[in-house]
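Those protein sequences? They're chains A and B, same order as listed. Just so we're aligned, residue -18 is where the first sequence starts under the working numbering, counting upward by one. Just so we're aligned, residue -18 is where the second sequence starts under the working numbering, counting upward by one.
There are 2 protein chains.
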Amino acid sequence: MADRRDTRPIMIGSVPVGGGAPVAVQSMTTTDTRDPVATIEQVSALTDAGCEIVRVAIPHADALDGFEQICLASSIPVVADVHFDHTLAIEAARRGAAKLRINPGNIGSLERVDAVIDAAGAADIPIRIGVNAGSLAEQYRDKDWPLAEKLVASAVSFCEHFEARGFADIVVSAKASSVASTVDAYRALADNLPYPLHIGITEAGTSLAGTVKSSVGLGILLAEGIGDTLRVSLTADPVDEVLVGWEILAALDLRRLHPELVSCPTCGRCEVDLIPIAAEIEQRLRTRRSGLKVAVMGCVVNGPGEAREADIGVAAGKGFGLIFAHGQPLRKVPEKEIVDALMSEIDALEDG
Amino acid sequence: MADRRDTRPIMIGSVPVGGGAPVAVQSMTTTDTRDPVATIEQVSALTDAGCEIVRVAIPHADALDGFEQICLASSIPVVADVHFDHTLAIEAARRGAAKLRINPGNIGSLERVDAVIDAAGAADIPIRIGVNAGSLAEQYRDKDWPLAEKLVASAVSFCEHFEARGFADIVVSAKASSVASTVDAYRALADNLPYPLHIGITEAGTSLAGTVKSSVGLGILLAEGIGDTLRVSLTADPVDEVLVGWEILAALDLRRLHPELVSCPTCGRCEVDLIPIAAEIEQRLRTRRSGLKVAVMGCVVNGPGEAREADIGVAAGKGFGLIFAHGQPLRKVPEKEIVDALMSEIDALEDG
């Protein structure tokens, strides 16, 4: 894995992004911002799941009152997502946004972009310049260039405009629905810009396709040291976006939110129904906050040895489970007590 | 994305692997091999889902009769997975295995490995040398090297042994449950060996964690041109392993099993509930076998133009859908006929 790319540091509310800070996990609410109660509930669920920065769309002026309430109620920084109407971004900056996300290409004119920059400057908050394949600035839209080059040229020219206005409190994103185009675009952004990068694949598909696409694309970038904050986009409950985001970081040993579960893929040698046991343990581990490595294996002969790097684990045999630690057996428990026994061993380790 | 790495070609039954062949998708049965009816049913379900090579564990001699029946009944090549007991591998080669998978490090002695090599040679089938973190050859197990180096040294030394015996019909794998170790190991194997590589992350975990880990790890390798056949290991229904495997290949535009669905992220202009329409179309597309690109858009004004690269698509308006091809409108249909109308256009294109 490559070293993390060095970038300028920024703050999104209390969360540092770039400059060596941990890669922050974001999501976006799907509720109507005009319904602050529903949105605050969703922000709370996202926070519980490990979301560190949350984005809220402000499509109309009548969403601004709700936005202000959401910012006050949220324990994590709230980002205002605004398209087309620069006055909404300006007002969101006044009402508590921890960051603005705009695509300068669809704000209408550079004068309007300047008004947004000045509002962010006055509120002392950063702006994400978020270009994407669907809304390129006009001068790039019809160029016969690879998509990644158009995205990068558009993002870089906006950065230059922001800098000329004396504003450098910038995060940049350039998302496409193609993994290859997105990876190419972010590699070029990383080479050409000093700002932290917000990475993601735009994808409105099912959980499965979106999870795989995001994992492949963000995995490639993060393994190259590129990416300072991430959002996984899924057409699903946004809590799933947070879970997938953390799993991507965990897969690369960049960060972990909860204990790691390793489990064998079960084979013809397995004598118990391991899948529900592993699923139940995974579910329970999700609410824990420690760096333990937990193994669930389906073979008492090979399991403990194969999972000797695990802090604690269980190897399931016919009618019983063998609890082990670092490959060494501890005790046998009846099959129906496997989950509880393993969790109480985890409790002991987390307390101890 | 890097060019595919060049390797020696081998045949697993009728499926070419390496030497420029498409990356083949594998899975492994979870049924008891002694129950050939259940195993044959699972092989059939895996085949329907797009599995191209299936592996079956042979843990005991009493699984050999079932294995022979499974090989006869399967329409895809069946690989015998054998640990510890070399006589099972020898007998599986005689009874119809399209490939043997052994970990020479746990077969007991090089003489026993030689007996397996000779049996594979007599049956004219390849062997996968499958080393993994859990069962390294003794001389490497306790070395103070990074895991990836131990895996690679072990795999390379077994390859040299096979070559010395005149056997080069080899596929190699070196799986760890750590993405970083697995990626490092395969990069070194790709640099050091001419054989096709079977890639996978072992003990990847349950559906969500395993899908993410496999997508990240195999995505990084495939984007670098490494990997000739893949297996996603999940503690879940193996059909899911096949679906995830194909989604990884599709995410990198390497292969597609079924038509690609692009759908817009719904926005303020969208006048219909697009998500269930897109989900229904995606579900139906899963059973189709063509390379069509299908668009489901939520805006009749911009949708056809934004999806002009799609072979066929629908833009949904209030109460109707506009079917279009390559950005050009074809016909309008009532909202409740959108899915059926689009699918019949897809039928016509697939037949034509």
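Glycine included, C-beta positions come from ideal geometry on N, C-alpha and C. From a predicted model like this one, the values you see are computed outputs, not experimental measurements.
- Bounds of the beta strand (DSSP E) holding asparagine 113 (chain B) are 108 to 113.
- Leucine 230 (chain A) sits in a helix when the DSSP states are folded into three classes.
- Taking glycine 191 (chain B) as the centre and dropping the five residues before and after it, the same chain places the C-beta of Ala185 and Leu215 closer than 6 Å to its C-beta, in chain order.
- Short of 7 Å from the beta carbon of leucine 224 (chain B), and not among the five residues preceding or following it, lie these beta carbons of its own chain, in chain order: Ala30.
- Looking at the DSSP output, alanine 306 (chain B) bridges to B:Gln309.
- Judged by pairs of C-beta atoms under 8 Å, the region 318 to 328 of chain B touches the region 282 to 296 of chain B, as three or more such pairs exist.
- Between the alpha carbons of histidine 64 (chain B) and cysteine 280 (chain B) lies a gap of roughly 57 Å.
- Secondary structure of proline -3 (chain A) (DSSP, three-state): strand.
- Residue state for glutamate 241 (chain A) is assigned as strand, using DSSP reduced to three classes.
- Counting only the Cα atoms, aspartate 125 (chain B) lies some 41 Å from valine 24 (chain B).
- Spanning the alpha carbons of glycine 226 (chain B) and arginine 76 (chain A) requires a straight line of approximately 46 Å.
- In the three-state reduction of the DSSP assignment, serine 188 (chain A) falls in the helix class, which pools H, G and I.
- Rounded to the nearest angstrom, the gap between the Cα atoms of arginine 312 (chain A) and serine 188 (chain B) is 28 Å.
- Under DSSP, histidine 41 (chain B) forms no beta bridge with any residue.
- Beyond the five residues adjoining it in sequence on each side, arginine 168 (chain B) comes within less than 6 Å, by CB distance, of no other residue in the same chain.
- Here the alpha carbon of serine -5 (chain A) sits roughly 37 Å from the alpha carbon of glutamate 228 (chain B).
- In this structure, the beta-carbon distance from valine 4 (chain A) to aspartate 209 (chain A) falls below 8 Å.
- No Cβ-Cβ contact shorter than 8 Å links phenylalanine 143 (chain B) with isoleucine 106 (chain B).
- Residue burial annotation: glutamate 222 (chain A) is buried, with at least 16 other C-beta atoms found within 10 angstroms of its C-beta.
- Under DSSP, methionine 324 (chain A) forms no beta bridge with any residue.
- Minimum Cα-Cα distance from proline 310 (chain B) among the listed residues B:Ala276, B:Glu331, B:Arg82 and B:Glu22 corresponds to B:Ala276.
- Closest by C-alpha distance to alanine 2 (chain A), out of A:Thr11, A:Lys194 and A:Arg(-11), is A:Arg(-11).
- Counted as a single uninterrupted DSSP element, the alpha helix (DSSP H) harbouring isoleucine 21 (chain A) occupies residues 17 to 30.
- Interface annotation, proline 40 (chain B): in contact with chain A, CB-CB separation under 8 Å.
- Runs of the beta strand (DSSP E) lying entirely within the region 248 to 287 of chain B, each at least 3 residues long, are 274 to 278 in chain order.
- By DSSP's assignment, isoleucine 201 (chain B) forms no beta bridge with any residue.
- Taking alanine -17 (chain A) as the centre and dropping the five residues before and after it, the same chain places the C-beta of Ala204, Glu205 and Gly206 closer than 7 Å to its C-beta, in chain order.
- Against chain B, the beta carbon of methionine -18 (chain A) has neighbours under 7 Å at Ala161, listed in chain order.
- At a C-beta separation below 8 Å, valine 225 (chain B) has these neighbours in chain A: Leu189 and Val193.
- Within the same chain, Lys156 and Thr183 come within 6 Å of asparagine 113 (chain B) by CB-CB distance, once the 5 residues on both sides are set aside.
- By the criterion of a C-beta distance shorter than 7 Å, serine 271 (chain A) is surrounded in its chain by Pro240 and Glu331, once the five residues flanking it on both sides are discounted.
- Under the 8 Å criterion on CB atoms, valine 197 (chain B) is classed as interfacial with respect to chain A.
- Its chain contains Val160, Ile182, Ala185 and Gly186 as the residues whose beta carbon lies nearer than 7 Å to that of lysine 194 (chain B), once the 5 sequence neighbours on both sides are disregarded; these appear in chain order.
- In this structure, serine 162 (chain B) places its C-beta atom within 8 Å of the C-beta atom of alanine 129 (chain B).
- By the neighbour-count criterion, in which 16 or more other beta carbons inside 10 Å mark a residue as buried, valine 6 (chain A) falls on the buried side.
- Annotated three-state conformation of serine 55 (chain A) is coil, per DSSP.
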